[in-house]
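Visitor:
Numbering (full-length UniProt numbering), first residue to last: 1 to 151.
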């Protein structure tokens, strides 16, 4: 028997992620504008280059994490899951949420403890914003692809 899925919750989640992505982009643009006014343009460009390199290094782990979350969410949308299956999916979701929260705390603590040089704080915050932006984009992409495959 083919398994049926109810993707209503997951579709709403992807819409919410879309709004969060827009907010993160606005925040990133505003932060870049403020930094550009505080430091010379060469320092700004060097910071941008470093952020892009760090983001390229972090892309694959973030993608794998988002893919795992999307697979878990699609699995949880299946109809007729047993109590044990629901408990296992809930445990995975809680672990994932704790990990994401720990990363937020890490980045903000790292930003507060960093030297007061604006380009360093910009790099830390930009990597944070871009990492979460990448997560949301990868999650939405994977979730939509998996929903299409299961429909």
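The beta carbon of each residue, even a glycine, is placed where N, CA and C say it ideally should be.
Since the structure is predicted, the reported quantities are computational estimates derived from the model, not experimental observations.
Looking at the structure shown, is residue 5 part of a helix, part of a strand, or coil, going by DSSP?
Guide: Looking at residue 5 - three-state DSSP - the assignment turns out to be strand.
Visitor: Can you give me the C-alpha to C-alpha distance between residue 107 and residue 130, rounded to a whole angstrom?
Guide: Answer to the nearest angstrom: the Cα atoms are 12 Å apart.
Visitor: Is residue 99 closer than 9 Å to residue 65 when the C-beta atoms are compared?
Guide: It is a contact, given that the beta carbons lie within the stated cut-off.
Visitor: So what does residue 78 bridge to, in DSSP terms?
Guide: In the DSSP output, where bridge partners are listed per residue, residue 78 has 5.
Visitor: Which residue wins for smallest C-alpha separation from residue 92, given the options 109, 77, 68 and 82?
Guide: Nearest option by C-alpha distance: 68.
Visitor: Using a 10 Å radius around the Cβ and a threshold of 16 neighbouring Cβ atoms, would you call residue 102 buried or exposed?
Guide: Burial call: exposed.
Visitor: Give me, in chain order, the residues of the same chain whose beta-carbon lies closer than 7 Å to that of residue 142; leave out the 5 immediate sequence neighbours on both sides.
Guide: Contacts found: 66, 67 and 70.
Visitor: Could you give the distance in angstroms between the alpha-carbon of residue 133 and the alpha-carbon of residue 23?
Guide: So the alpha carbons of these two residues sit roughly 10 Å apart.
Visitor: Rounded to the nearest angstrom, what separates residue 49 and residue 4 at their Cα positions?
Guide: About 46 Å.
Visitor: Could you give the DSSP three-state label for residue 115: helix, strand or coil?
Guide: Residue 115: coil per DSSP, three-state reduction.
Visitor: DSSP three-state call for residue 174: helix, strand or coil?
Guide: There is no way to answer for residue 174, as the model of the chain reaches only from 1 to 151.
Visitor: From residue 40 to residue 85, what does the alpha carbon distance come to, in whole angstroms?
Guide: Straight-line Cα distance between these residues: approximately 56 Å.
Visitor: Would you mind working out which of 140, 10, 18 and 35 sits nearest residue 124, comparing C-alpha positions?
Guide: When only C-alpha atoms are compared, the closest one is 35.
Visitor: In its own chain, which residues sit with a C-beta less than 8 Å from the C-beta of residue 46, not counting the 5 before and 5 after it?
Guide: Correct list, in chain order: 119.
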